[in-house]
Every structure is written in structure tokens, then in C-alpha cells.
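This note's numbering runs 30 ahead of the 1-based position in the sequence shown.
Virtual Cβ for every residue (Gly too), placed ideally from N, Cα, C.
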Amino acid sequence: MIIYLDLISHNEMFSGIYKILEVVSELCLEVKGKIVSRTEDPQGKSSESTVIIGVDIVKNHYLQKTNFTNEAYKKFIVDCCRQIKHVFPNFKNYQFFIGENMNPDGIVALLDYHEDGLTLYIIFFKNGLEMKKCQ
31 MIIYLDLISH
41 NEMFSGIYKI
51 LEVVSELCLE
61 VKGKIVSRTE
71 DPQGKSSEST
81 VIIGVDIVKN
91 HYLQKTNFTN
101 EAYKKFIVDC
111 CRQIKHVFPN
121 FKNYQFFIGE
131 NMNPDGIVAL
141 LDYHEDGLTL
151 YIIFFKNGLE
161 MKKCQ
């Protein structure tokens, strides 16, 4: 199996268990995900389990949601702007995620849904990833 790590923070971003497509002139990887629900064991004095609903890629790899203004994201991604200009007209649709240790210099992943409104995907820029083969 292949694990994809952030080149800067070395956080695990996703793995080869998902359907992965090369998109945007092979600049990016689109990783197909889905909404999942999980039960967490009770913490402390509470005896009730908690159901957590979220995106499988985000939950499995401990990605942390982060926020950007439109201007801040443009500045962050200036080197790739010409090749990803389709992002800006749909900016309000995206959710942004970074690695578990929340290093602001690390890769930022973009979550969106396909036209059907059900199939979700996360975009990762290939040049910000390191592939590691695991046994």
C-alpha cells in the first residue's frame, strides 16, 4: 500500500485504499471519499456513546479543517494559479483541510462534491506530496 505524506509537515494525508485520479493536467490528485458515521466510546463519567459523522479520508488520516478567505487562498496558491483557475469561481463550495499537526506551511487539501451532490472528492497537489510504500 502507498501512503501519501505532506512534504513539509510529514503528516499522512491519504493512502492508496481510495480511488485516486490524476486531474488538472496531472498537477493534482483527486481522491474519492464518502460520508461515514462512527461510534466513539464514552469519555469520562458519561456512559453514552457519541456518533461522529464525517468524511472517511478526513477521519482516517486525522486531517484538520482550516479556513481561508478568498484573498488568502489566492496568495497561498499563487504558483499554481494558472493551472487551477477553475477553483476560484467555485470558491464558496470548497472546504479546506491540512495535516494533523496543523502546520500552516503544509499542503492544503480542497474538499468538494461532484455535480450529483453526493459523490465527494478531495484535491491534493502532487508536488506537495511524498509517496511512501508500506508493507
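Nearest neighbour of Thr96 by Cα position, chosen from Ile32, Glu130 and Leu59, turns out to be Glu130.
The bridge partners DSSP lists for Gly63 are Leu150.
Distance between Ile32 and Gln165, taken at the CA atoms: about 9 Å. Exclusion of the five residues before and after Asp142 leaves Asn123 and Tyr124 as the residues of its chain whose Cβ lies within less than 6 Å of its Cβ. Counted as a single uninterrupted DSSP element, the alpha helix (DSSP H) harbouring Lys105 occupies residues Asn100 to Phe106. Nearest C-alpha to Tyr151 among Asp36, Ser55, Phe44 and Leu35: Phe44. Annotation for Ile87: the continuous alpha helix (DSSP H) segment containing it runs Asp86 to Asn90. The beta carbon of Phe121 sits closer than 8 Å to those of Asn100 and Tyr103, all from its chain and outside the five residues before and after it, given in chain order. Annotation for Glu42: Ile33, Leu35 and His91 place their beta carbon closer than 7 Å to its own, counting only its chain and skipping 5 residues before and after. The beta carbon of Glu60 sits closer than 6 Å to the beta carbons of Leu51, Val53, Tyr151 and Ile153 from its chain, once the five residues preceding and following it are set aside; these are given in chain order.
A Cβ-Cβ separation of about 6 Å places Val88 in contact with Phe127 under the 8 Å criterion.
With distances taken between CA atoms, Lys162 lies nearest to Gly46 out of Ile38, Gly46 and Lys62.
With at least 16 other beta carbons inside 10 angstroms of its own, Ser39 counts as buried.
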